[in-house]
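Asker:
In the working numbering, the protein residues as written are 1442 to 1720.
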């Protein structure tokens, strides 16, 4: 909600400043309902012709959540902890316990990767399958950001289209009206260009950039999981995997609390749910 509030305040300040700059006496100078319909309607029609209709409708439904930052769907801290638990169980050959543990995983990549390891799939096949799974998980947000990018390119074009239509209407009636009405009609027509620029640069592009950033973070997170699963397959020590995760900047509470603890106590802190299985 904090982002939404800042967004609303910034937008209102911008529009208010523009109104004051145009004329303090014309508080409704920026209202042009037909022009807004031309921009929004034309942009939506063009996007639906470019992309599948159901994906565009889904994006429109999710816009409030995207603005409020609710689109983040991965929990890095919990998934990294579960990866370490799986590494300890596989290294100690507790395969039945590992099968039960992996059923609790919410991350599809982690669940599928551990299952492939349990099925004794070759490392090359595991890498190929998991990379395809990674691409499948990322494609959803990538398609949303592409749609927003398309909308940001279409909106100014339809803004210009509305302006041209207004100018054509003005020129046809130029001989029958006075200069005052010509000025009003011209300002009314130019508002569609303003709407197109506002929709593109104040709504669509910022949201596209926001989604692209989230996708990049998700991709980096999945890459770390892939690297960790390869180390699990190779039966690397959980401390080695933990060090790799720390090198990628994982949350600090996945580390042991003290450096002078024994191996058993360190593993019990690292794997609290499986402490009874530590040798």
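Here a beta-carbon is modelled for each residue, glycine too, at the ideal position from N, C-alpha and C.
Among the residues of its own chain, which have a CB less than 8 Å from the CB of residue 1540, if the five just before and after it don't count?
Answerer: Taken in chain order, the residues that qualify are 1559.
Asker: If you pair each beta-carbon of the stretch 1589–1604 with each one of the stretch 1629–1639, do three or more pairs fall below 8 Å?
Answerer: yes
Asker: Between which two residues does the alpha helix (DSSP H) harbouring residue 1583 extend?
Answerer: 1564–1613
Asker: State the DSSP-derived secondary structure class of residue 1506, mapped to helix, strand or coil.
Answerer: helix
Asker: Thinking C-beta only, is residue 1667 closer than 7 Å to residue 1571?
Answerer: yes
Asker: Suppose contacts are defined by Cβ-Cβ distances below 7 Å. Is residue 1641 in contact with residue 1586 by that definition?
Answerer: no
Asker: Would you check if the distance between the CB atom of residue 1546 and the CB atom of residue 1552 is smaller than 7 Å?
Answerer: yes
Asker: Taking 8 Å as the threshold, find out whether the stretch 1668–1685 comes into contact with the stretch 1521–1530 through three or more Cβ pairs.
Answerer: Between the stretch 1668–1685 and the stretch 1521–1530 there are three or more C-beta pairs closer than 8 Å, enough to call the two in contact.
Asker: Are the CB atoms of residue 1494 and residue 1588 within a distance shorter than 7 Å?
Answerer: no
Asker: Relative to the alpha-carbon of residue 1584, which residue among 1487, 1484, 1499, 1475 has its alpha-carbon at the smallest distance?
Answerer: It is 1499 whose Cα lies nearest to the Cα of residue 1584.
Asker: May I ask you to report which of helix, strand or coil DSSP gives residue 1499?
Answerer: helix
Asker: Run through DSSP, which three-state label would residue 1551 get?
Answerer: helix
Asker: With distances taken Cα to Cα, identify the nearest neighbour of residue 1675 among 1561, 1487, 1472.
Answerer: 1561
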